[in-house]
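As C-alpha cells, the structure follows; a few thoughts come after it.
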Amino acid sequence: MSRLFSRREFLFTAWATAISLAAGVMGGLGLWHASPPEDDAASPLIELDAPPPPDAPVEIPAGKFAWVRNAQGAAAISQICPHMGCVLAWQTQEEGFQCPCHGSRFDKEGRVVHGPADHPLNYLQVTALDASGRVVDRTTPEHRWVRIGEHLRYRIDVNKIIPGPKDAAET
Ligand code: FES
C-alpha cells in the first residue's frame with residue numbers, strides 16, 4: 001500500500017538531506033585544510049656538510065641539483081632543463097650536463113653548449129654557515145659561488161633561483 005509523505009516527514013527528510021550535504025562539504029574543506037599542497041610538505045632546504053670535491057660535481061637527487069666547485073668556490077646548479085623541465089645528467093667525459101629528452105647540453109657551469117634549450121641552467125641560493133650557525137657567505141645573482149672553508153656547512157634553498165651565466169664573460 002502506498003502512501004504520501006506527511007508534511008512533517010517531508011520537512012524532516014529535507015532537513016536531514018541538507019545537513020548531510022553541509023557535513024560533506026565541511027568535511028571536504030576540512031580535508032583540504034588538513035592536507036597541505038605537496039610542495040609545502042617538503043622542506044625546500046637541503047644541508048650539506050662538505051664542499052663539492054674538486055674533480056667532478058656531486059648530483060643531489062633530492063634537490064635536483066649538482067653541487068659544483070670551481071676556482072671561485074661552490075655552487076648548486078639546477079639539473080632541471082630550461083627547455084621543458086627534464087632532469088639533466090652529468091656526463092663525466094664531456095664535463096657537462098646532458099638532457100635525456102631532446103639532447104640539450106650545458107657546460108659544467110650551466111652555459112648552453114647545444115640546444116634546443118636557449119637559457120643557461122639556474123643556480124640555487126647557497127648559504128655558508130660556520131659551526132655556530134652564523135652566516136659567513138651567501139650566493140646572489142652577482143655572486144653565484146659561495147666561499148669554501150674548513151668547518152663550513154652549506155644550506156641550499158631549492159626555491160630561491162639565481163639565473164645562471166649566459167656566456168664565458170659571466171661566471
Ligand atoms: S627538456 Fe631538455 S632539451 Fe628538451
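Using this note's numbering, you'd call the opening residue of the sequence shown number 1 and step up by one each time. Every residue, glycine too, gets a C-beta built ideally from N, C-alpha and C. Just so we're clear, the structure is a prediction, and the values are computed from it rather than from any experiment.
* Straight-line CA distance for residue 59 to residue 132? -> As a working mapping, residue 59 is identified with position 59 in the sequence shown. As a working mapping, residue 132 is identified with position 132 in the sequence shown. Those two C-alpha atoms are separated by around 27 Å.
* So, residue 92 versus residue 56, is the Cβ gap smaller than 9 Å? -> The sequence position of residue 92 within the sequence shown is 92, counting from 1. The sequence position of residue 56 within the sequence shown is 56, counting from 1. Cβ atoms of residue 92 and residue 56: closer than 9 Å.
* Going by beta carbon distance, what residues of the same chain come within less than 6 Å of residue 159, once the five residues before and after it are set aside? -> Sequence index remark: in the sequence shown, residue 159 carries index 159 (1-based). Only 44 meet the Cβ criterion.
* Asked: Using 8 Å as the threshold, is the stretch 94-101 in touch with the stretch 159-171, meaning 3 or more CB pairs across them?
  -> no
* **Distance CB(residue 46)-CB(residue 148) smaller than 9 Å** => Here the question's residue 46 lines up with position 46 in the sequence shown. Here the question's residue 148 lines up with position 148 in the sequence shown. For residue 46 and residue 148, no; Cβs fall outside 9 Å.
* Heavy atom of ligand 1 less than 8 Å from the Cβ of residue 121, yes or no? -> Numbered from its first residue, the sequence shown carries residue 121 at position 121. It does not: the Cβ of residue 121 is nowhere closer than 8 Å to a heavy atom of ligand 1.
* To do: Would you mind stating whether residue 111 and residue 167 have Cβ atoms separated by less than 9 Å?
  => Counting from one through the sequence shown, the residue named residue 111 turns up at place 111. Counting from one through the sequence shown, the residue named residue 167 turns up at place 167. In this structure, residue 167 lies closer than 9 Å to residue 111 by Cβ.
* Round the Cβ separation of residue 171 and residue 109 to the nearest angstrom and send it over; I've been treating them as touching at under 8 Å. => Within the sequence shown, residue 171 is the residue found at index 171, counting from 1. Within the sequence shown, residue 109 is the residue found at index 109, counting from 1. That pair is a contact at about 7 Å.
* Asked: Since residue 74 and residue 68 are thought to touch, with beta carbons under 8 Å apart, how far apart are those beta carbons, to the nearest angstrom?
  -> Position 74 of the sequence shown holds residue 74. Position 68 of the sequence shown holds residue 68. That pair is a contact at about 7 Å.
* What is the DSSP secondary structure of residue 134, reduced to helix, strand or coil? -> Position 134 of the sequence shown holds residue 134. Of the three classes helix, strand and coil, the one that applies to residue 134 here is coil, per DSSP.
* Where does residue 144 fall in DSSP's three states? -> Indexing the sequence shown from 1 puts residue 144 at position 144. Correct three-state label for residue 144: coil.
* With 16 other CB atoms within 10 Å as the buried threshold, where does residue 39 fall? -> Sequence index remark: in the sequence shown, residue 39 carries index 39 (1-based). Caution is warranted here: a pLDDT of 46 is assigned to residue 39, below 50, making its placement in the model unreliable, and the coordinate value is therefore given only provisionally. Flag for residue 39 reads exposed.
* Going straight from the alpha carbon of residue 116 to that of residue 127, what length do you get? -> Locating residue 116 in the sequence shown gives position 116, counting from the first residue. Locating residue 127 in the sequence shown gives position 127, counting from the first residue. Going from the Cα of residue 116 to the Cα of residue 127 covers about 32 Å.
* Asked: Among 138, 135, 165 and 129, which residue has its Cα nearest to the Cα of residue 153?
  -> In the sequence shown, the residue the question calls residue 153 occupies position 153. Checked all of 138, 135, 165 and 129; the closest Cα to residue 153 is 129.
* Rounded C-alpha distance that separates residue 124 from residue 80 -> Along the sequence shown, read from residue 1 onward, the residue named residue 124 stands at position 124. Along the sequence shown, read from residue 1 onward, the residue named residue 80 stands at position 80. Cα-Cα distance, rounded: 11 Å.
* To do: Grab me the residues of residue 84's own chain with a C-beta within less than 8 Å of its C-beta, minus the 5 sequence neighbours each way, in chain order.
  => For the purposes of this step, residue 84 is taken as the residue at position 84 of the sequence shown. Only 101 and 102 meet the Cβ criterion.
* To do: Compute the distance between the beta-carbons of residue 120 and residue 165, then report whether it is under 9 Å.
  => Position 120 of the sequence shown, counting from 1, holds the residue named residue 120. Position 165 of the sequence shown, counting from 1, holds the residue named residue 165. It is a contact, given that the beta carbons lie within the stated cut-off.
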